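Below is one structure, written out as structure tokens; comments come after it.
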Amino acid sequence: MKKIILAALVLTVSGSAFAQKYMTRTGKVSFNATSPKSPEKIEAINNEVASILDSKDGGFVFQVLVKSFKFEKELMQQHFNENYMESDKFPKADFKGKIANMGDVNLTKDGSYNTTVAGKLTIHGVTQDVSVPGTIVVKGKDVTAKAKFQVNLEKHGIKIPGVVADKLAKEASVTVDAVLTQK
Amino acid sequence: MRKILLFAALFSCSYTASFAQDDLMDELDKETKPVKKEDVNYTFKTTRLINSSTIESLGAGVLDVRISHRFGNLNQGIGNFFGIDQANTRLGVDYGITKFLMVGIGHNVLGKEDDGFVKVQILRQKKDGTPITLSYEGGMSIQTTPTPTLPTTDDKWYLSNRLCYFHQILIARKFNDLFSLQLMPSLLHCNLVDSTKFDNNIISLGVGGRIKLSKRVAFTGEYFYRFTGQDNNYQGSKTYNSLSLGFDIETGGHVFQLHFTNSSGISERVILGQTTDSWGKGEMRYGFNISRVFTINKPKEFKKS
Chain A
743 MKKIILAALV LTVSGSAFAQ KYMTRTGKVS FNATSPKSPE KIEAINNEVA
793 SILDSKDGGF VFQVLVKSFK FEKELMQQHF NENYMESDKF PKADFKGKIA
843 NMGDVNLTKD GSYNTTVAGK LTIHGVTQDV SVPGTIVVKG KDVTAKAKFQ
893 VNLEKHGIKI PGVVADKLAK EASVTVDAVL TQK
Chain B
6 MRKILLFAAL FSCSYTASFA QDDLMDELDK ETKPVKKEDV NYTFKTTRLI
56 NSSTIESLGA GVLDVRISHR FGNLNQGIGN FFGIDQANTR LGVDYGITKF
106 LMVGIGHNVL GKEDDGFVKV QILRQKKDGT PITLSYEGGM SIQTTPTPTL
156 PTTDDKWYLS NRLCYFHQIL IARKFNDLFS LQLMPSLLHC NLVDSTKFDN
206 NIISLGVGGR IKLSKRVAFT GEYFYRFTGQ DNNYQGSKTY NSLSLGFDIE
256 TGGHVFQLHF TNSSGISERV ILGQTTDSWG KGEMRYGFNI SRVFTINKPK
306 EFKKS
């Protein structure tokens with residue numbers, strides 16, 4: 743019995759020591775909040791998204807600097823930061839979660855895996871529980887994570903004034919595309 | 006011993022399981038420590054406060070079409086509909102070459118004056134860093150009014166007679182989301198002036214600021230105190246310091262600026278040194294600026310589409 747416990751202990755310790763972490767600082771997150779009535783496209787791209795994936799338990803975190811979202815129109819970017827996201831008050835948006843079906847994913851074997859990522863999404867200082875379907879593509883030491891999901895602006899406390907209510911979609915369609923490399 | 010090991014094994018399992026994602030986030034925080042200090046942005050809504058320039062620049066590749074309009078003096082009474090029947094307009098176009106460099110040209114009805122300027126941002130206010138944003142603006146203007154009748158036919162009216170130049174250092178600080186303040190030491194030189202009223206060189210210090218009343222409305226004001234050329238008032242004519250008070254109202258792609266000012270003109274020539282009307286005599290006028298921006302050169306992320 744003693745030996746078994748000892749073995750288990752060694753295993754858990756060594757397990758965490760050998761667990762691989764995958765990371766990036768240049769992940770891509772873009773969103774589109776254009777409503778059908780909007781005269782101009784309301785979309786932005788952020789190419790400076792940081793993320794870590796832990797191969798041991800499927801722990802998956804993302805961090806986005808709100809000010810790093812680039813818009814085609816400078817003035818729209820100003821409104822996004824000043825009026826909607828209040829990026830001085832809430833400089834970061836983040837996601838803290840897990841690949842729910844980590845058992846189906848083998849990060850050491852090339853291939854494409856369908857996953858569900860569940861966790862807490864914090865935008866504009868408001869945290870919501872989310873569960874998002876996505877794909878993980880393993881190729882050598884690179885792991886590409888892709889997902890597409892909707893974010894309800896009102897649920898994150900982002901107020902939309904009456905004058906633009908029909909020009910701005912109530913839900914932003916968010917696309918994640920990040921290539922993580924073994925640390 | 007057995008129990009201790011069991012406990013240790015359980016503890017190590019549960020610990021890693023429950024705190025794993027917080028640890029990951031901490032790790033990410035450490036990995037992504039910002040290299041540079043963060044810029045303080047949006048000190049003012051647009052590149053103009055009321056008449057004067059702000060430290061703000063247009064983004065790279067952004068074209069700004071500006072229409073500035075000033076009515077006549079309020080004290081003209083109902084006969085002139087409190088000045089509304091009179092008008093002076095400046096039509097202008099500005100362009101942002103880079104994030105730090107912009108140029109602009111415009112035409113003023115008053116004095117048929119064409120103006121042009123260059124503005125360069127030298128320092129940017131940073132969070133926990135540089136306390137101010139500093140820009141330099143320099144420009145010149147040419148009055149294209151017809152040549153006056155000269156005493157003899159041999160006399161020449163030189164092109165240089167029509168030229169004015171100005172230099173300004175713009176120093177601004179955004180104290181918080183609601184309040185920004187700007188200082189504007191300025192030099193105006195006009196080659197030829199009506200010497201009964203004006204000096205050729207005028208040194209002044211402008212003070213301007215904004216107080217945000219809501220996310221989309223701000224109260225603005227600006228005042229230029231002249232150190233020279235104040236009391237050139239023989240023959241009964243007197244000049245005054247320029248004072249303007251107004252509101253910035255932002256709607257979608259436009260910024261409307263509504264204000265009252267005692268400067269009849271919109272060019273720096275009038276603002277920095279040749280204001281002939283006085284608030285004290287009710288010689289202020291209502292005016293507005295409209296700005297509409299267009300993105301001419303798209304940021305690289307949007308080039309393909």
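Chains as they are written, first to last, in my numbering: chain A, 743 to 925; chain B, 6 to 310. No residue lacks a Cβ here, since even glycine has one placed at the ideal position from N, Cα and C. Quick caveat: nothing in here was measured; it's all calculated off a predicted structure.
Beta carbon proximity, residue i to chain B, threshold 8 Å
{"i": "A:M844", "result": "no"}
{"i": "A:N825", "result": "yes"}
{"i": "A:A792", "result": "yes"}
{"i": "A:Q805", "result": "yes"}
{"i": "A:Q820", "result": "yes"}
{"i": "A:D836", "result": "yes"}
{"i": "A:G867", "result": "no"}
{"i": "A:K779", "result": "no"}
{"i": "A:I787", "result": "yes"}
{"i": "A:A759", "result": "With a pLDDT of 44 at A:A759, under the threshold of 50, the modelled position of this residue cannot be trusted; read the value that follows with caution. Closer than 8 Å: no."}
{"i": "A:A889", "result": "no"}
{"i": "A:K883", "result": "no"}
{"i": "A:E814", "result": "yes"}
{"i": "A:L996", "result": "Here chain A has residues from 743 to 925 only, and residue 996 of chain A is not among them."}
Cβ of residue i within 8 Å of any chain A Cβ
{"i": "B:V67", "result": "yes"}
{"i": "B:T300", "result": "yes"}
{"i": "B:P153", "result": "no"}
{"i": "B:P136", "result": "no"}
{"i": "B:T59", "result": "no"}
{"i": "B:Q26", "result": "yes"}
{"i": "B:Y170", "result": "no"}
{"i": "B:M107", "result": "no"}
{"i": "B:D182", "result": "yes"}
{"i": "B:G278", "result": "no"}
{"i": "B:K303", "result": "yes"}
{"i": "B:T103", "result": "no"}
{"i": "B:Y47", "result": "yes"}
{"i": "B:G97", "result": "no"}
{"i": "B:K131", "result": "no"}
{"i": "B:F261", "result": "no"}
{"i": "B:S23", "result": "Caution is warranted here: a pLDDT of 46 is assigned to B:S23, below 50, making its placement in the model unreliable, and no coordinate value can be reported."}
Residue from the options whose Cα sits closest to the Cα of residue i
{"i": "B:D182", "options": "B:L218, B:W162, B:L193 and B:H194", "result": "B:L218"}
{"i": "B:K179", "options": "B:F49, B:I208 and B:V198", "result": "B:F49"}
{"i": "B:R95", "options": "B:G285, B:F252 and B:S272", "result": "B:S272"}
{"i": "B:V67", "options": "B:F307, B:G82, B:K42 and B:I301", "result": "B:I301"}
{"i": "B:S54", "options": "B:F307, B:N246, B:R290 and B:L188", "result": "Just to set this straight, residue 54 of chain B is Leu in the shown sequence, not Ser. Here the closest residue by C-alpha is B:L188."}
{"i": "A:G839", "options": "A:V806, A:Q892, A:T776 and A:G801", "result": "A:G801"}
{"i": "A:Y764", "options": "A:E782, A:V885 and A:N894", "result": "A:V885"}
{"i": "B:V222", "options": "A:N825, A:T850, A:K834 and A:L849", "result": "A:N825"}
{"i": "A:V906", "options": "A:L795, A:F811 and A:P781", "result": "A:P781"}
{"i": "B:G317", "options": "B:K308, B:T233, B:T51 and B:Q91", "result": "Within the shown structure, residues of chain B are numbered from 6 to 310, placing residue 317 of chain B beyond reach of any answer."}
Beta-carbon proximity check, residue i vs residue j, cutoff 8 Å
{"i": "B:E118", "j": "B:I72", "result": "no"}
{"i": "B:S249", "j": "B:D69", "result": "no"}
{"i": "A:G769", "j": "A:S793", "result": "yes"}
{"i": "B:Q126", "j": "B:T135", "result": "no"}
{"i": "B:S268", "j": "B:N56", "result": "yes"}
{"i": "A:T766", "j": "A:T923", "result": "yes"}
{"i": "B:L115", "j": "B:N93", "result": "yes"}
{"i": "A:V868", "j": "A:Y855", "result": "no"}
{"i": "B:G211", "j": "B:F184", "result": "no"}
Span separating the alpha-carbon of residue i from that of residue j
{"i": "B:G97", "j": "B:T244", "result": "26 Å"}
{"i": "B:F252", "j": "B:F86", "result": "22 Å"}
{"i": "B:S23", "j": "A:V771", "result": "Its pLDDT being 46, under 50, B:S23 is placed unreliably in this model, and the value from its coordinates should be taken loosely. Whole-angstrom Cα-Cα distance: 27 Å."}
{"i": "A:V791", "j": "B:D27", "result": "18 Å"}
{"i": "A:F832", "j": "A:N823", "result": "10 Å"}
{"i": "B:F105", "j": "B:V45", "result": "14 Å"}
{"i": "B:R75", "j": "B:G292", "result": "4 Å"}
{"i": "B:S58", "j": "B:Q262", "result": "13 Å"}
{"i": "B:K286", "j": "B:Q173", "result": "29 Å"}
{"i": "B:L128", "j": "B:W284", "result": "35 Å"}
{"i": "B:E288", "j": "B:F229", "result": "17 Å"}
{"i": "B:N246", "j": "B:V108", "result": "27 Å"}
{"i": "A:Q805", "j": "B:T103", "result": "29 Å"}
{"i": "B:L29", "j": "B:E36", "result": "10 Å"}
{"i": "A:K912", "j": "B:I110", "result": "41 Å"}
Residue i CB to nearest heavy atom of the ligand ZN below 7 Å
{"i": "B:K42", "result": "The ligand ZN is absent from the structure shown, which contains no ligands of any kind."}
Closer than 8 Å to chain D by CB, residue i
{"i": "A:V906", "result": "Absent from the structure is chain D; the protein chains it does hold are A and B."}
Inset, instruction - Pick out the complete beta strand (DSSP E) segments inside the region 276-309 of chain B, 3 residues or longer, and give them in chain order. - result: As far as the region 276-309 of chain B is concerned, its whole beta strand (DSSP E) runs of at least 3 residues are 290-300.
Inset, instruction - Ignoring anything shorter than 3 residues or poking outside the region 799-828 of chain A, list the beta strand (DSSP E) runs there in chain order. - result: 801-807
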